[in-house]
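Student: Just so you know, the sequences run in chain order A and B. So the first sequence is numbered by the UniProt record's numbering: it starts at 1 and just counts up by one. So the second sequence is numbered by the UniProt record's numbering: it starts at 1 and just counts up by one. By construction, the Cβ of each residue, glycine as well, lies at the ideal position given by its N, Cα and C atoms. Predicted model, so just to flag it, every value in this text is computed and none were measured.
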Amino acid sequence: MKLLTTNFLKCSVQSCDTSNDNFPLSYSAQSTLARDESIEFNAAFLLKILDRVDWPAVVTVAGELGNSGLPATKPVLSSGDVAQLGDDELALLRDLHVLLVQTTLVEGEMKCRNCGHTYYIKNGIPNLLLPPHLA
Amino acid sequence: MASSKKQYLLYMVQTHPNFRRAELESLADMFGIEVDFCDYDEGSPFCVVELESDEQAQQWIRRSVLTKAVFEFWGRGTTLEEMHEAIRAHPTFEQRKEQFKHSSFKFEFENYRGGKKKDMATKVKQIETFRYVGFEGKIDMKSPEQTYTLIEEYEAPTGKTPAATPLSYLFGRLVQVSDRASMDVYDLKKRPYKGTTSFEAELSLVSANIAQVKPGTLMYDPFAGTGSFLTAGGHYGALVLGSDIDGRMIRGKGANADIGSNFKYYHEASQFLDVLTMDFTHNSLRSDLVIDTILCDPPYGIRESIKVLGAKDPERFAGKENLIIDGEKAFLRKDYIPTKKPYSLDALLDDLLAYSAERLPLGGRLAFWMPTANDENVETIIPLHQNLELKYDCVQEFNKWSRRLLVYINRGDGYNGPTNGGVQRSPSNFRERYFNHFTK
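1. Step through the CB atoms of chain A and report whether any lies within less than 8 Å of the CB of S426 of chain B.
2. G195 of chain B and M249 of chain B - do their beta-carbons sit closer together than 8 Å?
3. Could you spell out where the alpha helix (DSSP H) holding L92 of chain A opens and where it closes?
4. Any beta carbon from chain B within less than 8 Å of D17 of chain A's own beta carbon?
5. Which residues in chain A sit within 8 Å of S287 of chain B, going by Cβ to Cβ distance?
6. Would you check if the distance between the CB atom of D279 of chain B and the CB atom of L309 of chain B is smaller than 8 Å?
7. Looking at the secondary structure, which residues open and close the alpha helix (DSSP H) in which F19 of chain B lies?
8. In whole angstroms, give me the CA-to-CA distance for residue 471 of chain B and V423 of chain B.
9. Closest to R365 of chain B by CA distance: which of B:Y336, B:L323 and B:G233 is it?
10. Output yes or no for whether 8 Å exceeds the beta carbon distance between P56 of chain B and I87 of chain B.
11. Interface residues of chain A around L360 of chain B at Cβ under 8 Å?
12. Assign V58 of chain A to buried or exposed, taking buried as 16 or more other Cβ atoms, counted over all protein chains shown, within 10 Å of its Cβ.
13. Could you pull out every residue in the same chain whose Cβ sits closer than 7 Å to the Cβ of M1 of chain A, ignoring the five residues on either side in sequence?
14. I need the boundaries of the alpha helix (DSSP H) containing residue 442 of chain B, first residue and last residue.
15. Mind reading off the beta-carbon distance from P222 of chain B to V290 of chain B? Whole number of angstroms is fine, and I expect it under 8 Å.
16. What's the gap between the Cα of M1 of chain B and the Cα of D187 of chain B?
17. Tell me whether the beta-carbon of C394 of chain B lies closer than 8 Å to the beta-carbon of A28 of chain B.
18. Using the beta-carbon of each residue, which ones in chain A are nearer than 8 Å to V290 of chain B?
19. With DSSP as the reference, label Y148 of chain B as helix, strand or coil.
20. I need the DSSP call for Q14 of chain B, collapsed to helix, strand or coil.
21. For A181 of chain B, does the count of other Cβ atoms within 10 angstroms reach 16, so buried, or fall short, so exposed?
22. Please say whether L384 of chain B and N410 of chain B have beta carbons closer to each other than 8 Å?
23. Flag F211 of chain B as yes if its beta-carbon sits less than 8 Å from any beta-carbon of chain A, otherwise no.
24. Can you list, in chain order, the residues of its chain with a C-beta nearer than 6 Å to that of L9 of chain B? Leave out the 5 residues immediately preceding and following it.
25. Using a Cβ-Cβ cutoff of 9 Å, what residues of the region 107-130 of chain A are near chain B? List them in chain order.
26. From the DSSP output, in three-state form, read off M1 of chain B for me.
27. So which residues of chain B does L90 of chain A contact, with C-beta pairs closer than 9 Å?
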């Protein structure tokens, strides 16, 4: 499961939807991380995907997983056109590619900050199924 | 404006006639290309259209799967001579002659419903009839700058014998070959990871085109299975995300035989986000996430009945949440497997439409497949939602049943379209009838 996916996942429990604490889920510091370097960098593609990203959630989750060096606000790029970007900006996008796309959670736990239900990530696949009393 | 437009010839396939025009219209709409389909005939592989430029024709047809190619249209005739007359009589013939006069070129020969391939002597003879055009570039069979194609159209063969003489001759300059070659690349026979529910390459790519999957956008398949539609969406440049209640499909058969490894095999790993073990009806995608396209093949309940999270018999599960195993709550253990209950296809599709109305941007498309039996004297009822416009209903017929690709456009709260949510639409149990070969 890519770090980017943590940015899209809330708690499956429907009653948690009324809470602001159901996203992002809280990730265990003991989670096993890996890096998949085979995924190629595509600046234009990443730039578009970045529009979808909730930055504060990236900061929170990366912090829980041991990376507390991210800026508090979402990086703003000078142009939506990759050809117009400077070297520094491309380097920044490359860093974001490593963080969001190449970093994967192989084994781990994620917990809802509202109801406390725990979900597991096994062999890189998050399991968001619920027991009948929460379904 | 019509005068500044040029004539182009589409050469299409004759399979899936129901889907062909929907694909062409959807791609044209996606690129903002206005096309008049007045010459379009479902029974013919040819269609002449007017477009602004070669670039526009290229943009339009590059992704098409049910088109073979698009040509700058030079002329047509019932005999070769008549075709040459038409070419010469075309108002822009003089310009055409000049434009690529010195470019390297080659001739190609195509035939529709013709018999065996043309021999070299006949080809040379036919090429020589074009002497008057005055091509001065050198002939290059490997990488010519321009390719000119002569297409012969024949009458349908009587029995096994193909017709002897062509019905008509068409000629044009090749502008863009379609994406039909991808059918072979994505052929299930060659795919590293697939399963019994994998969807064939051709129609999954066509589905992605009709759903208008766009580069750099987010596509979601809530019933991902072995990821056939994720693969198609990734091919057209979307970031694709899938989920399935059945974790076995998603896990695959090891690190080199799962959905992710298919993407690596196709060199499209950057398009693949993840697949989640998740019940679509207990959805975990955050509510404010915009999903550009939803493309899927929901469980018909053929191989396995449709299930969602929850207890079929709640009394049996009463109090189970307090069960402790080895000092841990049973439902919080890593190996816990939640129980599931049966659900109807109607309810699942209602949920899918409601979800799409909530998550798609205005103009965003939902496309999914739905099976129906052919022999029932009951009208097939297509699910409808008040915010969604039913744009296409493309049917693929099999012997005793058919399946259809339903395509909806999100028009938002003000649309007030017809709705039939909550209504029982499926006349009978499709699964049971499928296994009884539709005899009951």
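Tutor: So, from the data block:
1. no
2. yes
3. D87 to L96
4. yes
5. K10 and D17
6. yes
7. Secondary structure note for F19 of chain B: its alpha helix (DSSP H) is the uninterrupted segment P17 to M30.
8. An answer regarding residue 471 of chain B cannot be provided, because it is not within the stretch 1 to 440 covered by chain B.
9. B:G233
10. Correcting the residue identity first, residue 56 of chain B is Gln in this sequence and not Pro. Contact: no.
11. For L360 of chain B, no chain A residue has a C-beta closer than 8 Å to its own C-beta; the minimum C-beta separation is roughly 14 Å.
12. buried
13. T104, L105, I121, G124, I125 and P126
14. A query on residue 442 of chain B cannot be resolved here, the shown segment of chain B reaching from 1 to 440 and no further.
15. Between V290 of chain B and P222 of chain B the Cβ distance is about 16 Å, and since that is not below 8 Å, they are no contact.
16. Since pLDDT at M1 of chain B reaches only 42, below the 50 mark, its modelled position is unreliable, and no value is offered.
17. no
18. R52
19. Looking at Y148 of chain B - three-state DSSP - the assignment turns out to be strand.
20. coil
21. exposed
22. no
23. A small correction: the amino acid at residue 211 of chain B is Ala; Phe does not occupy that position in the sequence shown. By this cut-off, A211 of chain B is not an interface position.
24. V48, F71, F73 and G172
25. E109, H117, T118, Y119, Y120, K122, N123, G124, I125, P126, N127, L128, L129 and L130
26. Annotation note: pLDDT 42 at M1 of chain B (below 50); position unreliable, coordinate value reported separately. Coil, per DSSP.
27. For L90 of chain A, there are no C-beta contacts with chain B under 9 Å, since the nearest C-beta of that chain is about 16 Å from it.
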